[in-house]
Amino acid sequence: MSLYDKIRQTTAFIQPKISNKPRVGIILGSGLGGLVDIIEKETSIPYSDIPNFPVSTVQGHSGQLIFGRIGNCNVMLMAGRFHYYEGYSMEEVTFPVRIMKALGVETVVISNASGGTNPAFNIGDLMIIKDHINLCPEHPLRGPNDERLGTRFPDMSQAYDHDLINMAKAISEEQGIGVRTGVYIGLQGPTFETPAEYRMLHVIGGDAVGMSTVAEVIVARHAQMRVFAISVITDIGISDIPITITHEEVLEAANAAAPKMAGLVAALVKRL
Ligand code: HPA
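Counting in our numbering, the sequence shown runs from 63 upward without gaps.
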């Protein structure tokens, strides 16, 4: 079945289960579940029930699509995302973003946990993503282009919407939470980087590195949705002494920053 037909099939399955068209689609990263408690839930659908959806395999990613409201805004939220390192193709990783578009979403809000490659950053910092460098080995748009889904050569000059970035900065000031702005580099994982790799990633212009987000952003832009993305810095790769990084530490740091992140994202969504 073509990607287009899969999208139609999955949309036809979901549509009768929801009463409102979602305007904002939210993707939650590892340990960043805080928003799940803020959203007024209407419907939850486990990924395992949804035709054509892959099933998430990572600890800390629960795997359901939640429909509901944040303030007056109808949202759909992915609690748990798909990663390339799990073995999915980039088309599978980004399939839920296609479904967001098909259901009516105009703005996608993405969160993730990432490693700081900017030595000025601290663990627990929030970083608004202003741009990315795509170092993933597979591109989500590789292959024949279906013009019904988007153009062959999408522009990436403003992948991260400037108005949304400015709104988020204003909100962070109102809420008295510090926020960084920086460039996110997407790699395939699942290894964390070597000290030499963290240094290189900083030299080439990265402030943070992670294993998600970039493919989702590319597909969201292909589908002409606006994007806002924000990262929690869960570890700092740049160091004079060798530091070990574990998934548990990443989740712990993400969990600690989750309320701050959830407060900022909720306030942003309410203004959309
Ligand atoms: N590197 C890659 N991905 C990550 C990191 C990291 O240091 N921290 C959280 N996700």
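The beta-carbon is built from N, C-alpha and C at its ideal position, and this holds for glycine as well.
Looking at the DSSP output, Phe-129 bridges to Thr-105, Met-138. Bounds of the alpha helix (DSSP H) holding Asp-99 are 97 to 100. Contact check between the segment 139 to 148 and the segment 267 to 284: three or more CB pairs, one atom from each, fall below 8 Å, which counts as touching. Sorted by position in the chain, Ala-175, Ser-176, Gly-177, Leu-249, Gly-251, Phe-254, Glu-255, Val-271, Gly-272, Met-273, Thr-296, Asp-297, Gly-299, Ile-307, Val-312 make up the residues whose C-beta lies under 7 Å from a heavy atom of ligand 1.
Rounded to whole angstroms, the Cβ separation of His-194 and Ala-221 is 7 Å, and the two are in contact under 8 Å. Remark: C-beta atoms of Ile-107 and Leu-127 approach each other more closely than 7 Å. Taking Ile-80 as the centre and dropping the five residues before and after it, the same chain places the C-beta of Thr-105, Phe-129 closer than 6 Å to its C-beta, in chain order. Shown here for Asp-187: same chain residues with a beta carbon closer than 6 Å to its own, the five before and five after excluded, namely Arg-242, Ile-295 in chain order. Taking a contact as a CB-CB distance under 8 Å, the pair Met-140 and Pro-113 does not count as one, their CB atoms being some 16 Å apart. Using a 10 angstroms sphere on the CB of Ser-219, the tally of other CB atoms stays under 16, which defines it as exposed. Just so you know, the alpha carbons of Glu-235 and Val-117 end up roughly 38 Å apart. Ranked by Cα distance from Gly-166, the first of Ala-258, Met-287, Arg-283 is Met-287. Of the residues His-224, Tyr-260, Pro-257, Asp-302, the one whose Cα lies closest to the Cα of Phe-290 is His-224. The segment 249 to 264 makes contact with the segment 173 to 181, as at least three CB pairs between them are under 8 Å.
In this model, Ala-315 and Ile-292 are separated by some 15 Å (Cα to Cα).
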